[in-house]
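**Student:** I'd like to ask you about the structure that follows.
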Amino acid sequence: TQLLEQSPQFLSIQEGENLTVYCNSSSVFSSLQWYRQEPGEGPVLLVTVVTGGEVKKLKRLTFQFGDARKDSSLHITAAQPGDTGLYLCAGVRWSADGLTFGKGTHLIIQP
Amino acid sequence: NAGVTQTPKFQVLKTGQSMTLQCAQDMNHNSMYWYRQDPGMGLRLIYYSASEGTTDKGEVPNGYNVSRLNKREFSLRLESAAPSQTSVYFCASRTWTGVGNTEAFFGQGTRLTVV
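Protein chains in written order, with my numbering: chain A, 127 to 237; chain B, 118 to 232.
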């Protein structure tokens, strides 16, 4: 059962454009994490959002957690080729059984 | 700066063969996980070990077994490999304190092909 729906699945845009990736669920999570994965590597954590309505900024990346703690978004401003990669959202539950991952967004930023 | 180390990085098996994927972490984490990643399916949890001495099934456990050898090591065994087990396997670890929002650290993955 896929509890986290991520969209879009693929996105190819030009350098300098803005973009938003969405992560939606019908379940409530204790927190939500965003990971970035490059080819041949494991995912690496970008950010954790914990409080409903929370907004976190990481340079040109802005992460938001929905008020009901069921959804999140990642907004990239002025995308650069170095932002290319697979972005994964992961719902964190109150139990020890790991993270629930969305299917990921394959992002390509063309020079 | 080893973090999570997985071996091997690549493996080709014939249908019916068995193998064990090894994972070790040097961050003193109590919880360890095995995921598989397939195109269009994202990362799916196979088994996890919340703490040394315990293991539990995840979302897709069929065809796999695990052993938490000690706090550092968590292995994944395929007893009789099938083509459906062709995938990239990731081991991960984190400190789980009951709050749940700690970072998970991943290995570099094992790319397994079953022919």
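Glycine included, C-beta positions come from ideal geometry on N, C-alpha and C.
Does any CB atom of chain B fall closer than 9 Å to the CB of Lys182(A)?
**Tutor:** Looking up residue 182(A) in the first sequence gives position 56. Judged by the 9 Å Cβ criterion, Lys182(A) is not in contact with chain B.
**Student:** Determine, using beta carbons only, whether Ala141(B) comes closer than 9 Å to chain A.
**Tutor:** As a working note, residue 141(B) is residue 24 in the second sequence. For Ala141(B), the answer is no, since every Cβ of chain A falls outside 9 Å of its Cβ.
**Student:** May I ask you to report which of helix, strand or coil DSSP gives Ser201(B)?
**Tutor:** The sequence position of residue 201(B) within the second sequence is 84, counting from 1. In the structure shown, Ser201(B) sits in a helix (DSSP, three-state: H, G or I).
**Student:** Quick one: give me the first and last residue of the beta strand (DSSP E) that Ser192(B) is part of.
**Tutor:** Residue 192(B) sits at position 75 when you count from the first residue of the second sequence. Run containing Ser192(B): 191-195, per the beta strand (DSSP E) assignment.
**Student:** How should Lys196(A) be labelled, buried or exposed, when 16 other C-beta atoms within 10 angstroms of its C-beta is the threshold for buried?
**Tutor:** As a first step, residue 196(A) is located in the first sequence; it is residue number 70 there, counting from the start. So Lys196(A) ends up on the buried side.
**Student:** Beta-carbon of Asp197(A) versus every beta-carbon of chain B: anything under 9 Å?
**Tutor:** Here residue 197(A) is taken as the residue at index 71 of the first sequence, counted from 1. Output row for Asp197(A): interface = no.
**Student:** Return the residue from the list Pro134(A), Thr146(A), Ser138(A), Gln163(A) that minimises the CA-CA distance to Thr188(A).
**Tutor:** Taking the first sequence and counting its residues from 1, the one referred to as residue 188(A) is at position 62. Of the candidates Pro134(A), Thr146(A), Ser138(A), Gln163(A), the one whose C-alpha sits nearest the C-alpha of Thr188(A) is Thr146(A).
**Student:** Would you say Gly226(B) lies against chain A (beta-carbon separation less than 9 Å)?
**Tutor:** Taking the first residue of the second sequence as 1, we reach residue 226(B) at position 109. At least one chain A Cβ lies under 9 Å of Gly226(B).
**Student:** Would you mind working out which of Tyr152(B), Ala167(B), Gln225(B), Gln139(B) sits nearest Pro221(A), comparing C-alpha positions?
**Tutor:** Position 95 of the first sequence holds residue 221(A). In the sequence on display, residue 221(A) carries Ser and not Pro. Among Tyr152(B), Ala167(B), Gln225(B), Gln139(B), the Cα nearest to that of Ser221(A) is on Ala167(B).
**Student:** Please classify Met144(B) as buried or exposed, where buried requires at least 16 other C-beta atoms within 10 Å of its C-beta.
**Tutor:** The residue labelled residue 144(B) in the question sits at position 27 within the second sequence. Per the 10 Å Cβ criterion, exposed.
**Student:** Would you list, in chain order, the members of the region 138-169 of chain B that have their beta-carbon closer than 7 Å to a beta-carbon of chain A?
**Tutor:** Within the region 138-169 of chain B, the residues whose Cβ lies closer than 7 Å to some Cβ of chain A are Ser148, Tyr150, Gly157, Met158, Gly159, Leu160, Leu162, Tyr165, Ala167, listed in chain order.
**Student:** Pairing CB atoms from the region 122-133 of chain B with CB atoms from the region 152-166 of chain B, are three or more of them under 8 Å?
**Tutor:** No, they do not touch.
**Student:** Could you have a look at Asp173(B) and say whether DSSP puts it in helix, strand or coil?
**Tutor:** As a first step, residue 173(B) is located in the second sequence; it is residue number 56 there, counting from the start. Looking at Asp173(B) - three-state DSSP - the assignment turns out to be strand.
**Student:** Could you give the distance in angstroms between the alpha-carbon of Gly192(A) and the alpha-carbon of Ser153(A)?
**Tutor:** For this step, residue 192(A) is matched to residue 66 along the first sequence. For this step, residue 153(A) is matched to residue 27 along the first sequence. Whole-angstrom Cα-Cα distance: 12 Å.
**Student:** Identify the contact partners of Phe207(B) in chain A, using a Cβ-Cβ distance below 9 Å as the criterion.
**Tutor:** Position 90 of the second sequence, counted from the first residue, corresponds to residue 207(B). The contacting residues are Gly168, Pro169.
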